[in-house]
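Count along the sequence shown from 1, then add 16; that gives the number in the numbering used here.
Using N, Cα and C, we set each Cβ at its ideal position, and we do this for glycine too.
For reference, the structure is listed below as structure tokens.
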Amino acid sequence: MPTRTFRARVGVTALVVALVCGLASCSVIPVGMRSIVGENGRKGNPLGDPYARVIAVPPNPDWSAADVVNGFKAAMASVDDPGREVARKYLTDSFARTWNPQSGVTVYRQGEPPTVQIGEKDTRVTLKGTVTALIDQDGRYRPSGGPLNEPFVLVKGQTGWRIDSAPPGLLLSEADAERAYLKVDLYFLDDEEKGLVIDQVRVPIDPASNFAKTTVERLLRGPSSSLKGAVRSAFDGTRLIDVTTEDNRVVVDLTNRVAPELVGPMTAQLAGTLAGLTKGGWGFEVRVRGEPYYTDNPLTVDAQEQTRFDPWMAPGEIYPYYVADDALWLLGKDNTGQPVLGKAGEKDATRTDMAISAHAQVAALFQKGKALSVAPLATGGEWRQWATGKSLAPPCWDRYQTLWTVERPDDHTSRVIRIRDGQRYAVSAPDLDAVHVSLLKVARDGVHVAVVVRDGAGEQVKVGTVIGRGAATRITNLQVVVPVEDKQQIRDIAWKDGKTLYVLTGKSDLLEVSLTGESKSLPSNTGIRNITALEGSLLAGAVDDDKRQILYWTSSKWEPRVKNENGRTDFADQGPAFPAYPLD
17 MPTRTFRARV GVTALVVALV CGLASCSVIP VGMRSIVGEN GRKGNPLGDP YARVIAVPPN
77 PDWSAADVVN GFKAAMASVD DPGREVARKY LTDSFARTWN PQSGVTVYRQ GEPPTVQIGE
137 KDTRVTLKGT VTALIDQDGR YRPSGGPLNE PFVLVKGQTG WRIDSAPPGL LLSEADAERA
197 YLKVDLYFLD DEEKGLVIDQ VRVPIDPASN FAKTTVERLL RGPSSSLKGA VRSAFDGTRL
257 IDVTTEDNRV VVDLTNRVAP ELVGPMTAQL AGTLAGLTKG GWGFEVRVRG EPYYTDNPLT
317 VDAQEQTRFD PWMAPGEIYP YYVADDALWL LGKDNTGQPV LGKAGEKDAT RTDMAISAHA
377 QVAALFQKGK ALSVAPLATG GEWRQWATGK SLAPPCWDRY QTLWTVERPD DHTSRVIRIR
437 DGQRYAVSAP DLDAVHVSLL KVARDGVHVA VVVRDGAGEQ VKVGTVIGRG AATRITNLQV
497 VVPVEDKQQI RDIAWKDGKT LYVLTGKSDL LEVSLTGESK SLPSNTGIRN ITALEGSLLA
557 GAVDDDKRQI LYWTSSKWEP RVKNENGRTD FADQGPAFPA YPLD
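Here it is as structure tokens:
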């Protein structure tokens, strides 16, 4: 069976890319050796940025098997053909009936040219490269790895070569996936309908619609599977008619009104979801069947409504805490600190790993990690023991005044615990039962949770979902966002917000990781030992020449943060350490 490699010939491939020009309202479409200029129906729409389009063309009877595969790849990438009807023309009748382009997307980076194996009855074209990500039916994006070695089996009939077998779903190059999908943050409600939770998804671009309509339609479909059961939506019972623009407002037209108590949550969901698509100065209005939402008044929504509904979306001036002279201190506006009130502000070298709640409570480990106690940050505030165990993980708080820790009876067993007002509840987390959980931190949305898991190969970071309260609490949908490397250690993790996690490795490498597992490296400092974050602020506890200091990231470099009584950042003693923002 002969084998050869091929490269697509100019003028034969069905890959046709059109650059849609938002200002000029034109499409330059190279087809073979000529170009066609066509009108862009999105003219004047501020919610539709310029984007490149892949125009699918049907197969040619004279094409080789390799050309047909190349054309099928281009047709799969065409957003102008959402039903992939042109792509089906590349398939045999039997395979066309079973092929499901909605079953998911494999994103790849092509490596060596495909190989062609010619047989007596069929021909096999194998695409080679590297799988970089997967996009499921919900729009969840997950970075992936491993080799791509996908065969396309073709048979020849009266109309030329047709594909009789191919990988499931869509197979898109990284560039095609970038063109075909819009990255959006969908905003949903926590189970108390008092806070907002972000669901990061990819939404297929629809050239017949604007980005805002496509996004709101996806919002009304509900959360992805990673958040099912953990969040709610104010839009239950209503559908979308259209999204248009009018007088510097984005107008969302619904079929029905929501319950009066859900109007505020609904507008917060809309403002948060659409904020990433609109430019500064755009507000929103909600209408029902083209009429004002209220009989006599329109329902207008400010562009930052989500931050008023949920203060943790933009926390404002919240000051960090830190440890100095074995006591807990609060860092003031002038970058100098003072001991907190109560027992926590007194010197005590036996406590470690202090965590601060949103309502001025501190939790800490005692007895070398075998006891966990809580004290109010108030005059006379005394320590009160909430939990004991052979080995407890550092505590963290969530927005519901609940304290979390992990009891570790041995190196291969972990039991997640949730405590409220001293009442202890076991959390169901089957994926964590038989591993060692070094750290667990709940995001400020109260729903996303990050854990550091250790096994024989090293430590990795996973992000999952908290569902339920009290005895019904469980952690599900754990996904790896920082994979294991050889003997890798994770020193610390810190939530920046509800969608971004900072990860500090044992080598003092600092990563910024999204809920979907996409990551980038930040400049670090070899002396950094722990981190804490809040929206636009990233702090680190560091050691330099045996002197402790607290650093903050200025967007270009690390600078000392805490000043002593003389207004200097150098200290005669060990110096400040272990910075912590509330709910970190």
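C-alpha gap between residue i and residue j, whole angstroms
i	j	result
proline 314	valine 302	7 Å
glutamate 575	leucine 567	5 Å
valine 479	serine 80	46 Å
alanine 445	arginine 400	27 Å
proline 98	threonine 231	16 Å
glutamate 194	glutamate 501	28 Å
threonine 489	glycine 185	35 Å
glycine 60	leucine 188	Residue placement at glycine 60 is flagged as unreliable, the pLDDT there being 38, under the threshold of 50; the coordinate-derived value follows with that caveat. When rounded, the distance between both Cα atoms is 30 Å.
serine 389	leucine 293	45 Å
glutamate 551	arginine 434	25 Å
glycine 405	tryptophan 420	13 Å
aspartate 180	valine 121	19 Å
alanine 549	serine 524	16 Å
alanine 291	lysine 172	51 Å
asparagine 351	lysine 229	46 Å
proline 331	glutamate 209	18 Å
proline 129	proline 183	18 Å
aspartate 342	aspartate 192	55 Å
threonine 139	serine 249	50 Å
aspartate 560	alanine 593	12 Å
alanine 379	leucine 344	11 Å
alanine 403	lysine 515	30 Å
asparagine 76	alanine 82	12 Å
tryptophan 511	valine 132	49 Å
glutamine 565	glutamate 307	59 Å
glutamine 285	asparagine 264	19 Å
C-beta contact flag for residue i and residue j at 8 Å
i	j	result
valine 266	phenylalanine 227	no
glycine 438	alanine 391	no
glutamine 10	alanine 360	The displayed coordinates of the chain run from 17 to 600. Any statement about residue 10 would go beyond what the structure contains.
valine 453	valine 422	yes
alanine 558	arginine 545	yes
proline 410	leucine 381	yes
threonine 170	valine 73	Looking at the sequence shown, residue 170 is not threonine but leucine. No, Cβ-Cβ distance for leucine 170 and valine 73 is not below 8 Å.
valine 458	valine 482	yes
arginine 415	glycine 591	no
valine 469	valine 451	yes
arginine 178	leucine 235	no
tyrosine 271	arginine 237	It is threonine, not tyrosine, that sits at residue 271 in the sequence shown. In this structure, arginine 237 does not lie closer than 8 Å to threonine 271 by Cβ.
arginine 158	threonine 532	yes
DSSP beta-bridge partners of residue i
i	result
histidine 452	Arg470
tryptophan 413	Leu419
glutamate 301	Val267, Thr316
asparagine 165	Lys144
valine 519	Ile509, Leu527
asparagine 351	Answer is none; asparagine 351 lacks a bridge partner.
tyrosine 106	The partner list for tyrosine 106 (beta bridge, DSSP) is empty, contrary to what the question assumes.
tryptophan 399	DSSP output for tryptophan 399 lists no bridge partner at all.
glutamine 476	Val469
proline 576	Leu567
lysine 172	Trp177
alanine 340	Ala343
proline 159	Ala149
Residues of its chain near residue i, where Cβ-Cβ distance is below 7 Å and the 5 sequence neighbours each way are ignored
i	result
valine 519	Val477, Val498, Ile506, Ile509, Leu527, Val529
isoleucine 334	Leu550, Tyr597, Pro598
glutamine 153	Gln118, Ser119, Gly120
alanine 40	In this prediction, alanine 40 has a pLDDT of 28, which is less than 50 and means its spatial position is unreliable; nothing more can be read from the coordinates.
Cut-off 8 Å between Cβ atoms - residues of its own chain near residue i, not counting five sequence neighbours on either side
i	result
valine 247	Phe204, Leu205, Asp206, Asp207, Val213, Asp215, Pro239, Val463
aspartate 78	Gly176
alanine 596	Pro336, Tyr337, Tyr338, Met370, Ala371, Ile372, Thr548
valine 95	Arg69, Val70, Arg195, Ala196, Pro220, Ile221, Asp222, Pro223
lysine 349	Glu333, Tyr335
threonine 289	Val200, Asp201, Leu202, Tyr203, Thr231, Val232, Leu235
Cut-off 6 Å between Cβ atoms - residues of its own chain near residue i, not counting five sequence neighbours on either side
i	result
arginine 125	Gly145, Thr146, Thr148, Glu190
proline 117	Arg100, Leu186
valine 259	Ala228, Lys229, Val232, Val268
serine 535	Leu527, Val529
threonine 395	Leu357
arginine 255	Thr271
glycine 486	Tyr441
Distance cut-off 7 Å: residue i Cβ against heavy atoms of the ligand FAD
i	result
glycine 211	As for the ligand FAD, it is missing from this structure, which has no ligand bound.
Okay, do the stretch 326-342 and the stretch 258-278 touch, 3+ Cβ pairs below 8 Å being the bar?
Here the stretch 326-342 does not lie against the stretch 258-278, with fewer than 3 beta-carbon pairs under 8 Å apart.
Tell me, please, whether the stretch 103-121 touches the stretch 86-94 by the rule of three or more beta-carbon pairs shorter than 8 Å.
Verdict: yes, contact present.
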